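Protein chains in written order, with our numbering: chain A, 5 to 282; chain B, 19 to 291; chain C, 49 to 432.
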Amino acid sequence: MITAALAAPAAIWLFLFLILPFCAMLVFAFGKRAPEGGYQAAFTLEQFANLPSRAAAFWNTLVLAPIGALLCLLVAYPVAYYLAVKAPPQRRMILVALIVVPFWTSLLVRTYAWMYILGSRGLPNLLDLVGIADVRMLNTPGAVLLGIVYGYLPLMIMPIYVSLEKLDLRLLDASADLGARPASTFFGVTVPLSMPGVITGVALVTILLLGEYLIPQLLGGGKVFFIGNALVDLFLQSRNWPFGSAIAVTMVAVVVIVLAVSMRIAWRFAGARRVDLV
Amino acid sequence: MRAFVVAAYLFLYAPIALVVLFSFNAGRNASEFTGFSVEWYGKAFSNTFLVQALQNSLIIAFVSAVLAAIFGTMAAIAIERMSERARLVFDGLFAAAIVVPGVVIGIATLVALVTMLGLINPLIAGVWPGENPPRIGLGYFSVIAAHGLFTMAVVTMIVRARIAGLGRDMVEASGDLYATPFGTFRQIVLPQILPSIVAGFLLAFTFSFDDFIVAFFVSGSKTTLPMYVFASIRRGVTPEINAVATTVLVASLFLILGAHFLMRPRSNKPVEG
Amino acid sequence: MTKHRTTPITAAELTAEFMRLKRGSVTRRHFLGVTGLGLAAAVAGGRTGSFVREAHAEDLGSQMSLATWPNYHDPASFEAFTAKTGVAIEVNVFGSNEEMLAKLQAGGTGWDLFVPTNYTISTYAKLGLIDPLDLAKLPNYSAASESVRFSNEGTVDGTTYAVPKNWGTTGMAANTSKLKTPITSWKDFFEVAQTEADGRAMVHDYQLTTIGNALVSLGHSFNSIDPAELSKAEELLIKVKPHLFAINSDYQPGMRAGDAWLTMCWTNDGAQLNRDIPEIAYTLGTDGGEIWSDFYAIPKSAANKPAGYALLDFLKTPENAVKEHVANGTPTTDSRVLALLPAELTSNKIVYPDEAALTVLEFGAAVTLTDPGRAEVMARFKSA
């Protein structure tokens, strides 16, 4: 009784604003575009049949999201390692806090700052001064990747930091005492022990990136399209609500698949480690 | 190693430094620094629409975070007491609320609300006695609803992790001492899970305050601060935006520091005899 | 709409109105209006709104929202309007008519006035998204002095839904200090975009002009909805896409910063760019392109229609319109305004091209707005 009462508000909320909208979208996905745009009731599979026309956007997303997450990891790992292992303890907390602080300035405003830095008056201008003329950075896949690494770096650093922080430093000392070279200690002990954080970070960033809209929009100049951008475009320009709904449903399916795969990897890894320990 | 870490921090802070710098630009453009001035702070805070957008964002973030904290905590406690099957359903729904992309949440909520309101409003108009029946439209409520979905799931996740770490013995002892369930909750459980509720609230507030894409679809005629910023990127950014962003940054730094000092465990304070 | 009475209300009438208010059959606003209490309250409250500053029949409120295009107004006009009426204006900028339509169809835009293009008006009227204009509320608009060519599409089946803002053309702007190849046609445009201006050309985020000009470059009509011709245009656009700097209807920042050297361009942007950076030249396609007129219209869903009308009337007032044209560099549709325009504007060939150059241009056709084929080609081009 009390349990039901406690769960009721959340349950109603989930029903009204998750289940119901998703069902509405599913219904729309089988409908037709009205002559002037919008939705017209129908039962047709034509929206799903049209999905291949957005293959490029799906492909972009499925390639750039993991690449973005891995680049993010490349930058994040040394930082997290430094914070957890090398940083002087008295300065550790402030350094960790400094990773989170950027979150408190609007991502939009920060990304706009990148538009300036990558635009002709920013870095290309500086390069021009040292003799490298006419470099174009803004509105390229590279710019989008840079924006992704920038926007998601804190989200990648935190879980890795947490898992490295739990790492027992005596293990590293033991490894060194047993004659392991620093490199083999790092790859043999540190990296495996930080894997849970790495997997969490990569999965989290990849999944969030699958739905990214703003960064490609601002740094890609309308040219580098993620599936989120194709989706928004269908509602904002083409007014094709049924096709947009079909894409949204497909996106959710892709996210679920990616999530399932990464959980499988995590489980396999956790299982393997348990075996190792035995 | 050190050099790399320094470079990473520079990378994180270079755009922020630029934002802060340009907020003091004397020129009208956000693209050329022509001199130091604080006039944009004055302009920003006398700009009705910018102030209104900031106000809307604060209201939406505050209400949705409060609701998320309350309902999310309630759900977290309830889930611990549920049958295995009910728990699985809730876990699945909350997981979905977290991983479904914001752009999908925004569009799905828009589609559903436009359809539902299209049915509800004529109904209200049909039974309304007067000449001007109220029309329910998109606005605060729809943004709060859509933000609350994600943030409630986050609060539930955080609070549950905390509850899982709690010992049952205190709760049982309290029951043995004839405390009412509510009394036990208030005196034993709440103090222990409070930090996680506060953490969840702050995360919820931050998310809602910074969200663009969900609000973009479901806010109707209300403009939030990120929507205002997005619109002004198309209109041509003036240093006003930088001034507001800087103000928000400084305000939140103060809030974090304040919370840090307020929530410092008592035992850390020197005991004076 | 509530009218403020000037005759005093009797006690019996007041009681009757009050009871109606309590029963809920009138709104509070109606009650305050009829009884004159609103006026009293406004004056007592020391309000500096419309009542005090201007003898308006209706309360203009304190703010309104305008949806328009990039670089299309003189900010000073808005400041003057706010100073005169006490109404602050929120300006939202859009890069295509389709986006405006999408917003209005989804509901809740909050716009009180917006700027649609000639070919969209009939669809807006048909969908019931815009109000027929009450011309009595626009004393400074003069239908007689408007050019028929540029104002006729504002009237649908004898009802005026929109009045013209200005007309213009869609041509191309090129930075001649960077690009040496002469560009005089859309055929040239798409060729140079792939060669000399590789990575430096922009097209609009707007199906009408981007697809239309691609069609023109292939020798087809700007307004074609023929699937075979559209698929040729799509092929061309997708081939050009990797060479583009951006797909964006607000190309002034890119052109000014030197990021972009070549762009599809509207008259007003062409005039403004050329005024500030003389090496940016504006040309019309010799093979075709668009001639257009933009209108002011009031959305049915507008929350503050009185302010929408007031701003529209303000902007149509010749003295104010002149300042707008001088600032944004567009040709006028109104002979009263033309008489007041300075010679440097009327003799500017970007703003007023020779009539001969206009003959190949086409007005956008209503069918392109809703045609699913064009919408889908644009969406596929962008997501390619």
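Ideal Cβ placement from N, Cα and C applies to all residues, glycine included. Model, not experiment: these values are computed from the prediction.
| query | result |
| --- | --- |
| Span separating the alpha-carbon of Ser144/C from that of Phe108/B | 43 Å |
| Cβ pair Phe219/B, Ala87/B closer than 7 Å | yes |
| Chain A contacts from the stretch 143 to 161 of chain C (Cβ-Cβ distance under 9 Å) | Ser144, Glu146, Glu147, Leu149, Ala150, Lys151, Gln153 and Ala154 |
| Any C-beta of chain A under 7 Å from that of Thr133/B | yes |
| Coil, strand or helix - Asn43/B by DSSP | strand |
| Spatial neighbours of Ala88/A in its chain, beta-carbon cut-off 6 Å, leaving aside the 5 residues before and after | Tyr165, Leu168 and Glu169 |
| Reduced DSSP category for Tyr43/A - H, G, I as helix; E, B as strand; rest coil | strand |
| CB contact check: Arg204/B to chain A, cutoff 7 Å | no |
| Partner residues on chain A for Phe230/B, Cβ-Cβ distance less than 7 Å | Leu112 and Leu218 |
| Which of helix, strand or coil DSSP assigns to Ser124/A | coil |
| Whole-number beta carbon distance between Gln300/C and Pro118/C, since they are thought to touch under 8 Å | 7 Å |
| Under 7 Å by beta carbon: chain A residues contacting Lys430/C | Gly226, Phe229 and Asp237 |
| Straight-line gap, Trp245/A to Ala154/C (C-alpha atoms, nearest Å) | 10 Å |
| For Leu142/A and Leu112/A, believed in contact at Cβ under 8 Å, the rounded distance | Contact doesn't hold; Cβ gap of about 16 Å is too wide. |
| Interface positions of the stretch 363 to 376 of chain C facing chain B (Cβ-Cβ less than 9 Å), listed along the chain | none |
| For Val56/B, three-class secondary structure by DSSP | coil |
| Chain D within 7 Å of Gly123/A, Cβ atoms only | Absent from the structure is chain D; the protein chains it does hold are A, B and C. |
| Contacts that Thr66/B makes with chain C (C-beta to C-beta distance below 7 Å) | Gln111 and Ala136 |
| Chain-ordered chain C contacts of Leu243/B [CB-CB under 7 Å] | What Leu243/B touches in chain C: nothing, since even the nearest Cβ is about 14 Å away. |
| Of the residues Phe429/C, Lys371/C and Gln320/C, the one placed nearest Val399/C, counting alpha carbons only | Gln320/C |
| Same chain, Cβ closer than 6 Å to Phe51/B, five either side skipped, listed in chain order | Asn43 |
| Range of the contiguous beta strand (DSSP E) that encloses Gly219/C | Ala210 to Asn223 |
| Within chain C, the residues that Glu40/A reaches when beta carbons sit closer than 9 Å | Leu149, Gln153, Thr171, Lys174, Leu175, Leu417 and Thr418 |
| Counted within 10 angstroms of its Cβ, other Cβ atoms place Ala241/C as buried (16 or more) or exposed | buried |
| Contact between the stretch 129 to 143 of chain B and the stretch 152 to 162 of chain B (3+ Cβ pairs under 8 Å) | yes |
| Beta-carbon neighbours of Ile295/C, restricted to chain A and to distances below 7 Å | Gly225, Gly226 and Lys227 |
| Local conformation of Ala387/C per DSSP, three classes | helix |
| Straight-line Cα distance separating Ile274/B from Thr115/A | 23 Å |
| Simplified DSSP assignment, three categories, for Gln32/C | Nothing about residue 32/C can be reported from this structure: the residues present for chain C run from 49 to 432 only. |
| Backbone CA spacing between Ala83/B and Ala171/B [nearest angstrom] | 11 Å |
| Distance between beta carbons of Gly412/C and Thr217/C, contact taken as under 8 Å | With a Cβ gap of about 12 Å, Thr217/C and Gly412/C do not count as contacting. |
| Under 8 Å by beta carbon: chain A residues contacting Asp247/C | For the record, residue 247/C in the displayed sequence is Gly; it is not Asp. What Gly247/C touches in chain A: Arg140. |
| Counted within 10 angstroms of its Cβ, other Cβ atoms place Ala73/A as buried (16 or more) or exposed | buried |
| Segments of 4+ residues assigned as alpha helix (DSSP H) that fall wholly inside the stretch 252 to 291 of chain C | 255 to 265 and 275 to 288 |
| Any 3 or more C-beta pairs closer than 8 Å across the stretch 323 to 335 of chain C and the stretch 207 to 222 of chain C | yes |
| Terminal residues of the alpha helix (DSSP H) in which Glu127/C lies | Pro123 to Thr133 |
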